[in-house]
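Each residue of the sequence shown is one higher than the one before, starting from 63 at the first, in the working numbering.
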Amino acid sequence: MAVLDVDYHHGNGTQDIFWEHADVLVVSLHGTSETEYLNFLGYADELGAGAGEGFTHNFPLSRGTTWAQYSAALDSALDAVARFGPDALVVSLGVDTYVGDPITTFALEREHFPLMGGRLAQLRLPTVFVREGGYAVEDLGLNVAGVLGGFDAGR
63 MAVLDVDYHH
73 GNGTQDIFWE
83 HADVLVVSLH
93 GTSETEYLNF
103 LGYADELGAG
113 AGEGFTHNFP
123 LSRGTTWAQY
133 SAALDSALDA
143 VARFGPDALV
153 VSLGVDTYVG
163 DPITTFALER
173 EHFPLMGGRL
183 AQLRLPTVFV
193 REGGYAVEDL
203 GLNVAGVLGG
213 FDAGR
(Lines of atoms letter the chains of each structure in order from A and count residues from 1; the text may use other names and numbers.)
(Lines give C-alpha, C1' and ligand atoms only; values in the text may rest on other atoms or scores of the structure.)
Protein backbone atom coordinates (compact mmCIF):
# COMPACT_ATOMS: atom_id res chain seq x y z
CA MET A 1 0.00 0.00 0.00
CA ALA A 2 1.03 3.60 -0.57
CA VAL A 3 -0.23 6.75 1.13
CA LEU A 4 -0.05 9.95 -0.91
CA ASP A 5 -0.74 13.13 1.04
CA VAL A 6 -1.62 16.07 -1.21
CA ASP A 7 -2.80 18.27 1.66
CA TYR A 8 -1.06 21.62 2.25
CA HIS A 9 0.11 20.50 5.70
CA HIS A 10 2.66 17.74 6.17
CA GLY A 11 1.23 14.34 7.10
CA ASN A 12 3.30 14.08 10.27
CA GLY A 13 1.10 11.47 11.93
CA THR A 14 1.08 9.22 8.89
CA GLN A 15 4.84 9.59 8.51
CA ASP A 16 5.36 8.69 12.17
CA ILE A 17 3.13 5.61 12.03
CA PHE A 18 4.94 4.08 9.04
CA TRP A 19 8.46 5.47 9.71
CA GLU A 20 10.01 2.03 10.17
CA HIS A 21 7.78 0.06 7.78
CA ALA A 22 8.99 -1.29 4.44
CA ASP A 23 5.50 -2.44 3.42
CA VAL A 24 3.90 1.03 3.20
CA LEU A 25 5.23 3.90 1.13
CA VAL A 26 4.45 7.37 2.51
CA VAL A 27 4.67 10.34 0.14
CA SER A 28 3.74 13.91 1.12
CA LEU A 29 3.55 17.19 -0.81
CA HIS A 30 3.22 20.15 1.54
CA GLY A 31 4.29 23.64 2.49
CA THR A 32 7.96 23.87 3.36
CA SER A 33 8.80 23.15 6.96
CA GLU A 34 10.94 26.30 7.17
CA THR A 35 7.90 28.57 7.08
CA GLU A 36 4.78 26.46 7.55
CA TYR A 37 3.07 24.60 10.35
CA LEU A 38 4.29 21.84 11.33
CA ASN A 39 7.77 23.27 11.18
CA PHE A 40 9.58 20.32 12.69
CA LEU A 41 8.81 17.53 10.19
CA GLY A 42 8.47 17.06 6.46
CA TYR A 43 11.97 17.85 5.27
CA ALA A 44 13.10 16.27 2.00
CA ASP A 45 15.88 14.33 3.74
CA GLU A 46 13.42 12.46 6.00
CA LEU A 47 13.38 9.02 4.38
CA GLY A 48 12.28 6.62 7.12
CA ALA A 49 14.42 4.53 9.46
CA GLY A 50 15.39 0.92 10.03
CA ALA A 51 13.44 -1.38 7.72
CA GLY A 52 11.48 1.68 6.55
CA GLU A 53 14.48 3.66 5.31
CA GLY A 54 13.72 4.85 1.79
CA PHE A 55 9.96 4.32 2.15
CA THR A 56 9.17 7.93 3.08
CA HIS A 57 9.34 10.75 0.51
CA ASN A 58 8.67 14.40 1.32
CA PHE A 59 8.19 17.16 -1.24
CA PRO A 60 8.21 20.47 0.67
CA LEU A 61 7.11 23.40 -1.50
CA SER A 62 7.53 27.12 -0.97
CA ARG A 63 4.94 29.80 -0.33
CA GLY A 64 3.06 30.82 -3.47
CA THR A 65 3.58 27.45 -5.18
CA THR A 66 1.80 27.50 -8.55
CA TRP A 67 0.27 24.63 -10.50
CA ALA A 68 3.43 24.35 -12.62
CA GLN A 69 5.54 23.84 -9.50
CA TYR A 70 3.01 21.66 -7.74
CA SER A 71 2.38 19.43 -10.75
CA ALA A 72 6.13 18.83 -11.20
CA ALA A 73 6.35 17.70 -7.57
CA LEU A 74 3.19 15.63 -8.00
CA ASP A 75 4.75 13.89 -11.01
CA SER A 76 7.82 13.03 -8.91
CA ALA A 77 5.58 11.78 -6.11
CA LEU A 78 3.56 9.63 -8.51
CA ASP A 79 6.78 8.24 -9.99
CA ALA A 80 7.85 7.18 -6.48
CA VAL A 81 4.50 5.47 -5.96
CA ALA A 82 4.71 3.69 -9.32
CA ARG A 83 8.26 2.47 -8.60
CA PHE A 84 7.11 1.09 -5.25
CA GLY A 85 4.36 -0.90 -7.02
CA PRO A 86 1.65 -0.89 -4.33
CA ASP A 87 -1.53 -2.92 -4.59
CA ALA A 88 -3.62 0.05 -3.37
CA LEU A 89 -3.41 3.81 -2.82
CA VAL A 90 -4.73 5.95 0.00
CA VAL A 91 -4.91 9.64 -0.88
CA SER A 92 -4.96 12.11 2.00
CA LEU A 93 -7.04 14.63 0.07
CA GLY A 94 -6.82 18.17 1.32
CA VAL A 95 -7.76 20.98 -1.03
CA ASP A 96 -6.18 23.66 1.14
CA THR A 97 -3.67 24.09 -1.68
CA TYR A 98 -6.33 26.33 -3.27
CA VAL A 99 -5.36 29.96 -3.91
CA GLY A 100 -8.44 31.17 -2.02
CA ASP A 101 -7.74 29.19 1.14
CA PRO A 102 -7.58 31.63 4.06
CA ILE A 103 -4.87 29.86 6.07
CA THR A 104 -2.46 28.56 3.41
CA THR A 105 -0.25 30.07 0.73
CA PHE A 106 -0.30 27.87 -2.40
CA ALA A 107 -1.83 29.16 -5.61
CA LEU A 108 -3.73 26.27 -7.19
CA GLU A 109 -6.84 27.37 -9.06
CA ARG A 110 -10.14 25.49 -9.32
CA GLU A 111 -9.24 24.14 -12.78
CA HIS A 112 -6.16 22.41 -11.38
CA PHE A 113 -8.01 20.01 -9.11
CA PRO A 114 -9.48 17.87 -11.94
CA LEU A 115 -5.96 17.72 -13.39
CA MET A 116 -4.71 16.40 -10.06
CA GLY A 117 -7.44 13.76 -10.03
CA GLY A 118 -6.58 12.71 -13.57
CA ARG A 119 -2.94 12.26 -12.64
CA LEU A 120 -3.89 10.13 -9.63
CA ALA A 121 -6.05 7.94 -11.87
CA GLN A 122 -3.09 7.22 -14.15
CA LEU A 123 -1.66 4.94 -11.44
CA ARG A 124 -4.55 2.55 -12.14
CA LEU A 125 -4.73 1.45 -8.52
CA PRO A 126 -7.65 0.76 -6.21
CA THR A 127 -7.82 4.14 -4.47
CA VAL A 128 -9.41 5.45 -1.30
CA PHE A 129 -9.71 9.21 -0.76
CA VAL A 130 -9.64 10.43 2.84
CA ARG A 131 -10.88 14.02 3.10
CA GLU A 132 -8.58 16.34 5.00
CA GLY A 133 -7.85 20.09 4.93
CA GLY A 134 -9.59 22.86 3.10
CA TYR A 135 -10.77 26.08 4.68
CA ALA A 136 -12.19 28.07 1.77
CA VAL A 137 -15.67 26.91 2.72
CA GLU A 138 -17.53 28.22 -0.32
CA ASP A 139 -15.07 26.55 -2.72
CA LEU A 140 -14.39 23.37 -0.75
CA GLY A 141 -17.01 21.14 -2.35
CA LEU A 142 -16.21 22.28 -5.88
CA ASN A 143 -12.50 21.61 -5.40
CA VAL A 144 -13.07 18.16 -3.91
CA ALA A 145 -15.55 17.37 -6.69
CA GLY A 146 -12.92 18.53 -9.17
CA VAL A 147 -10.37 15.99 -7.90
CA LEU A 148 -12.90 13.18 -7.79
CA GLY A 149 -14.32 14.07 -11.20
CA GLY A 150 -10.86 14.21 -12.73
CA PHE A 151 -10.03 10.86 -11.14
CA ASP A 152 -13.21 9.29 -12.48
CA ALA A 153 -12.65 10.69 -15.97
CA GLY A 154 -9.05 9.48 -16.00
CA ARG A 155 -9.83 5.85 -15.10
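Beta carbons are placed, not taken as given, at the ideal position from N, Cα and C, and that holds for glycine.
query, result
"Residue range of the beta strand (DSSP E) that residue 189 falls in?", "189-193"
"Locate the alpha helix (DSSP H) running through residue 248, then write down its first and last residues.", "This structure cannot speak to residue 248, because the chain is shown only from 63 to 217."
"Does the contact criterion of 3 or more C-beta pairs under 8 Å hold for the segment 111-124 versus the segment 74-82?", "yes"
"In the DSSP assignment, the alpha helix (DSSP H) including residue 112 goes from what residue to what residue?", "Per DSSP, residue 112 belongs to no alpha helix (DSSP H) and is neither H nor E."
"Spatial neighbours of residue 150 within its chain, please: C-beta separation below 8 Å, excluding the five flanking residues on both sides.", "63, 64, 187, 188, 189 and 190"
"Report all residues from its chain with a CB closer than 6 Å to the CB of residue 174; omit the five preceding and five following residues, and keep chain order.", "129"
"Helix, strand or coil for residue 76, going by three-state DSSP, please let me know.", "helix"
"Taking the alpha-carbon positions, what's the residue 169 to residue 86 distance?", "30 Å"
"Look at residue 135 and residue 91 and say whether their C-beta atoms are less than 8 Å apart.", "yes"
"My assumption, with CB atoms under 8 Å, is that residue 140 sits in contact with residue 185. Please give the rounded CB distance.", "6 Å"
"So, with DSSP's three-state summary, where would you put residue 67?", "strand"
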